[in-house]
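*Asks:* Positions 1 to 773 (the UniProt record's numbering) are the ones given, in order, by the sequence shown.
Here a beta-carbon is modelled for each residue, glycine too, at the ideal position from N, C-alpha and C.
On a predicted model such as this, the values are computed, not experimentally measured, just so you know.
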Amino acid sequence: MENGEWKMENAMQQDGAQPTPNSRLSILDFSNFLIVANPLKALQKLAEAHRENFKIPVIGITGSNGKTIVKEWLHQLLSPDRCIVRSPRSYNSQIGVPLSVWQLNEEAELGIFEAGISEMGEMGALKRMIKPTIGILTNIGGAHQENFFSLQEKCMEKLTLFKDCDVVIYNGDNELISNCVAKSMLTAREIAWSCKDIERPLYISKVTKKEDHTVIAYRYLDMDNIFCIPFIDDASIENALNCLAACLYLMTPADQITERMARLEPIAMRLEVKEGKNNCILINDSYNSDLASLDIALDFLVRRSEKKGLKRTLILSDILETGQSTATLYRRVAQLIKSRGINKLIGVGAEISSCAARFEGTPERYFFPDTDALLRSGIFKTLHSEVILIKGSRVFNFDLVSEELELKVHETILEVNLGAMVANLNHYRSMLRHPETKMICMVKAAAYGAGSYEIAKTLQEHHVDYLAVAVADEGSELRKAGITSSIIIMDPELTSFKTMFDYKLEPEVYNFHLLDALIKAAEKEGITNFPIHVKLDTGMHRLGFSVDEIPLLIRRLKSQNAVIPRSVFSHFVGSDSAQFDFFTRQQIELFEKGSQELQEAFSHKILRHICNTAGIERFPGAQFDMVRLGIGLYGVSPIDNSIINNVSTLKTTILQIRDVPGEDTVGYSRMGHLTRPSRIAAIPIGYADGLNRHLGRGNAYCLVNGKKAPYVGNICMDVCMIDVTDIDCREGDKAVIFGDDLPITTLSDKLGTIPYEVLTSISNRVKRVYYQD
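1) Name the two residues that bound the continuous beta strand (DSSP E) containing N692.
2) Could you tell me whether the segment 244-255 touches the segment 76-90, where touching means 3 or more Cβ pairs closer than 8 Å?
3) Do we get a CB-CB distance below 7 Å when we pair A125 with the residues of chain B?
4) Roughly how many angstroms lie between the CA atoms of P710 and S669, to the nearest whole one?
5) On the DSSP letters alone, give me the boundaries of the beta strand (DSSP E) that E364 sits inside.
6) How far does the alpha helix (DSSP H) with G752 in it reach, from first residue to last?
7) What's the C-alpha gap between N397 and L345?
8) Once you ignore the five residues that flank I754 on each side, which residues in its own chain have a CB closer than 6 Å to its CB?
9) Go through its chain and collect everything with a Cβ distance to T745's Cβ below 6 Å, but skip five positions before and after it.
10) DSSP beta-bridge partners for Y634?
11) From the DSSP output, in three-state form, read off M123 for me.
12) Indicate whether the contact test is met: 3 or more Cβ pairs, each with one atom in the segment 168-185 and one in the segment 258-265, closer than 8 Å.
13) Buried or exposed, going by whether 16 or more other CB atoms sit within 10 Å of the CB of P638?
14) Please tell me whether M721 and V666 are closer than 7 Å, where the distance is taken between their beta carbons.
15) Using DSSP with H/G/I as helix, E/B as strand and the rest coil, what is S205?
16) What are the boundary residues of the beta strand (DSSP E) that I643 is part of?
17) In its own chain, which residues sit with a C-beta less than 8 Å from the C-beta of I379, not counting the 5 before and 5 after it?
18) With which residues is A188 paired in a DSSP beta bridge?
19) Taking only three categories from DSSP, how would you classify E506?
20) Under the three-state reduction of DSSP, which class applies to C228: helix, strand or coil?
21) Let's see if you can read the secondary structure: which residues bound the beta strand (DSSP E) around M721?
22) Nearest CA to the CA of D548: which residue from T528, E597, T649?
23) Which term fits R730, buried or exposed, when burial requires 16 or more other beta carbons within 10 angstroms of its beta carbon?
24) My output table needs one value for R376: the three-state DSSP class, helix, strand or coil.
25) Taking the beta carbon of L759 as the centre, do at least 16 other beta carbons fall within 10 Å, making it buried, or is it exposed?
26) Please list the segments of the alpha helix (DSSP H) lying wholly inside the segment 41-113, counting only runs of 4 or more residues, in order along the chain.
27) Along the chain, where does the beta strand (DSSP E) containing T613 start, and where does it finish?
28) Okay, do the segment 625-637 and the segment 594-613 touch, 3+ Cβ pairs below 8 Å being the bar?
29) Have a look at R51 and W102 and give me their C-alpha separation to the nearest angstrom.
30) Whole-angstrom Cβ separation of G60 and L161, contact assumed at under 8 Å?
31) Report the option in D290, I296, G361, E360 whose CA atom is closest to the CA atom of L329.
32) Report buried or exposed for Y771, applying the criterion of at least 16 other Cβ atoms within 10 angstroms of its Cβ.
33) For L425, does the three-state DSSP call read helix, strand or coil?
34) I need the straight-line Cα distance from W73 to V273, nearest angstrom please.
35) Pairs of beta-carbons, one from the segment 277-288 and one from the segment 241-250, closer than 8 Å: are there three or more?
36) Measuring alpha carbon to alpha carbon, tell me which of E600, S570, F149, Q579 ends up nearest F591.
And the structure:
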């Protein structure tokens, strides 16, 4: 790096050590270490240098949406002819890109990498690492728009990726993109496909949507051809046309394009965690299969298998179209499996079965020629208390395996996007004035309804400093599940001291009665220096010591050694609203005075914190030593109720659709009055699931196939009815109660409440499904 930022050290040279016949050396003893000022820049520099070693075509894909789908479809279309290295999943960030580029090896004949940005100036670093020869701009939309002045500014930044490309592919009918390409002065050849302009290099002469597929006719280099794709939505058509242009540029024969386009498979960019039968946990990753994605999925399996007593099981199909010999491929697969401590391997397919001997390092091994043989074998009945990773190529239909193993409890599910939650965490981390400022993440009330363990586990993996729950039982359950992070109990009960001691749960202390009882209990157990968190009342007038009580509090704390103050904190009343700013500043002043008085009485560092989610953003000067992140972690800004990154999606399934005459009524007490002949759908969700009864009688709606379906009549305990008269739908279609396209704030506004209440009202009987983008 520039300015001498690299410093290399060798472990043995540093110590002056010399190996002896009896010395026990680890790999670290022979390792070189690069000591750098900026690890991210160092990682990117390494990726840049690695990329320079490969003189192969590289496709760089950017845009607001569709990057991963275009990448995966190009892999499906081109991999039969060449060895391809591509970004795993959505690895398109400042960290994801270098990790992707690093996978290039001597066998690679083509690279396909995504590039995603969220603010100006980011694309330059990605361009230097990817160094694409072929550029694809999928589209320009509103994603991450908050950091750009305009869509044009964002488009120009994205086009920076293509500065040295040989060819750039984009939608020539998109006026914004076309204008930006013209202004960017790119020297690359353009393949601007168009459905309107016959003079464009790639002219799409006709697009015909059928019931379950789309037929597309096109002209390229004065040659007319036709193909179909098994999708009918506009986004898939646009993605397919970008892929078509890339295939044509790479001189893929038209007949091969036609054949392979017809077999395109949907890309599910999620790794699902589901509850399985017989106390098993299922990790469903049966959407793509290669060594890179297997490595990622195995890592996820290991991190999710730490719950005591659960074995690690992998159900793996043949890995297809890798360009490697069968022997080489499964030797590497066996090494990966062994390194992750897999207890049981269930292999499916002729190739993996032929290499069964390579998996001798795995304690239990079973092999089947195909999925049907696996399903008939009865082996699933033997799976108990295991974390099971289902990883297979699409042609093996492993969705049947997942369906067989899944514990089916309810048709209504809450999908939780762990990747979105991490993005929210990083969103607020970026607002911290000082990198050393610590963060507490609230996971009380089952992590605001999202499910405490998976949320806590993910937060622990992203190194948050504290988790906070309401009561000791919540904390002990997290400990039993393997959570080791520091945990604060915000509402400790006098009967829960033993639980807190046993599971190392740190209580909030807000009055002398609680403090004295806790000290007495700790002394009885022979415990010393047990950490507590002192709460001051600066204006909420709910719980907390008054500032006037601090001298007495100090004397009481100094007169014993059973407990020790780890932090001192208070709670804002109205940090989310400008109308309370004067009062908020008064709270800050009072807290600063009281907390300083407490700190001066002790020699050890006492952490100070008062900022909640809104305070982090609106009062950065009051971030002190630590902040508390609550509703913002789950995607809702408390300042204006806007959605940051949606985490939770509540959805269900249409059970039945019936035609009801216009003069009839629907539901209990005949409250659903119809004004026309209607199609009424029943969906299995009611107020016992958390769907508030006040949303009925047309006061709110859900989404069916993207269209509004009002609730009709009274919402029942387990079922409600919706009007789908004007919606093309059928039984089995999904209904979204809230999610990406129907913000939870729409429901909370209708109810005259806050998003917290809606989220925490989701019943435990609603199954949680976790995934990562």
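*Replies:* Short version:
1) For the purposes of this step, residue 692 is identified with residue 692 of the sequence shown, where counting begins at 1. Here N692 belongs to no beta strand (DSSP E), and DSSP marks it neither H nor E.
2) By the Cβ test, the segment 244-255 is in contact with the segment 76-90, since at least three Cβ pairs between them sit closer than 8 Å.
3) The displayed structure is made up of one protein chain only, and chain B is not part of it.
4) For the purposes of this step, residue 710 is taken as residue 710 along the sequence shown, with counting starting at 1. For the purposes of this step, residue 669 is taken as residue 669 along the sequence shown, with counting starting at 1. Distance between the alpha carbons of P710 and S669: 18 Å.
5) For the purposes of this step, residue 364 is taken as residue 364 along the sequence shown, with counting starting at 1. Bounds of the beta strand (DSSP E) holding E364 are 364-368.
6) Indexing the sequence shown from 1 puts residue 752 at position 752. Here G752 belongs to no alpha helix (DSSP H), and DSSP marks it neither H nor E.
7) Reading the sequence shown from its first residue, position 397 is the one you call residue 397. Reading the sequence shown from its first residue, position 345 is the one you call residue 345. Distance between the alpha carbons of N397 and L345 is about 18 Å.
8) For the purposes of this step, residue 754 is identified with residue 754 of the sequence shown, where counting begins at 1. Around I754: S748.
9) For the purposes of this step, residue 745 is identified with residue 745 of the sequence shown, where counting begins at 1. N641, P755.
10) Along the sequence shown, read from residue 1 onward, the residue named residue 634 stands at position 634. The partner list for Y634 (beta bridge, DSSP) is empty, contrary to what the question assumes.
11) Start at 1 with the first residue of the sequence shown, and residue 123 comes out as number 123. If DSSP states are grouped into helix, strand and coil, M123 belongs with the helices.
12) no
13) Your numbering for residue 638 matches position 638 in the sequence shown. That one is buried.
14) In the sequence shown, counting from the first residue as 1, residue 721 sits at position 721. In the sequence shown, counting from the first residue as 1, residue 666 sits at position 666. Yes, these two residues count as a Cβ contact at 7 Å.
15) In the sequence shown, residue 205 corresponds to position 205, counting from 1. Three-state DSSP puts S205 in a strand.
16) The residue given as residue 643 occupies position 643 in the sequence shown. Here I643 belongs to no beta strand (DSSP E), and DSSP marks it neither H nor E.
17) Start at 1 with the first residue of the sequence shown, and residue 379 comes out as number 379. The answer, listed in chain order, is I346, Y366.
18) To locate residue 188, count along the sequence shown from 1; it is residue 188. Looking at the DSSP assignment, A188 forms no beta bridge with any residue, so it has no partner.
19) Numbered from 1 along the sequence shown, position 506 holds the residue referred to as residue 506. In the structure shown, E506 sits in a strand (DSSP, three-state: E or B).
20) Counted from its first residue, the sequence shown places residue 228 at position 228. In the structure shown, C228 sits in a strand (DSSP, three-state: E or B).
21) Start at 1 with the first residue of the sequence shown, and residue 721 comes out as number 721. Bounds of the beta strand (DSSP E) holding M721 are 720-723.
22) Position 548 of the sequence shown, counted from the first residue, corresponds to residue 548. Among T528, E597, T649, the Cα nearest to that of D548 is on E597.
23) Residue numbering aside, residue 730 sits at position 730 when the sequence shown is read from its first letter. With fewer than 16 Cβ atoms within 10 Å of its Cβ, R730 is classed as exposed.
24) Position 376 of the sequence shown, counted from the start, is the residue given in the question as residue 376. If DSSP states are grouped into helix, strand and coil, R376 belongs with the helices.
25) Taking the sequence shown and counting its residues from 1, the one referred to as residue 759 is at position 759. When all chains shown are included, L759 counts as buried.
26) 67-78, 96-101
27) Taking the sequence shown and counting its residues from 1, the one referred to as residue 613 is at position 613. Element bounds for T613: not the beta strand (DSSP E) but the alpha helix (DSSP H), 613-618.
28) yes
29) Working through the sequence shown from its first residue, we reach residue 51 at position 51. Working through the sequence shown from its first residue, we reach residue 102 at position 102. Distance between the alpha carbons of R51 and W102: 8 Å.
30) In the sequence shown, the residue the question calls residue 60 occupies position 60. In the sequence shown, the residue the question calls residue 161 occupies position 161. Yes, G60 and L161 are in contact; Cβ-Cβ is about 5 Å, under 8 Å.
31) The residue labelled residue 329 in the question sits at position 329 within the sequence shown. Looking at the Cα atoms, D290 is the closest of the given residues.
32) Walking along the sequence shown from the start, residue 771 turns up at place 771. Label assigned to Y771: buried.
33) Locating residue 425 in the sequence shown gives position 425, where the first residue counts as 1. L425: helix per DSSP, three-state reduction.
34) Here residue 73 is taken as the residue at index 73 of the sequence shown, counted from 1. Here residue 273 is taken as the residue at index 273 of the sequence shown, counted from 1. Near 25 Å, if we compare the C-alpha coordinates of V273 and W73.
35) no
36) For the purposes of this step, residue 591 is taken as the residue at position 591 of the sequence shown. Looking at the Cα atoms, S570 is the closest of the given residues.
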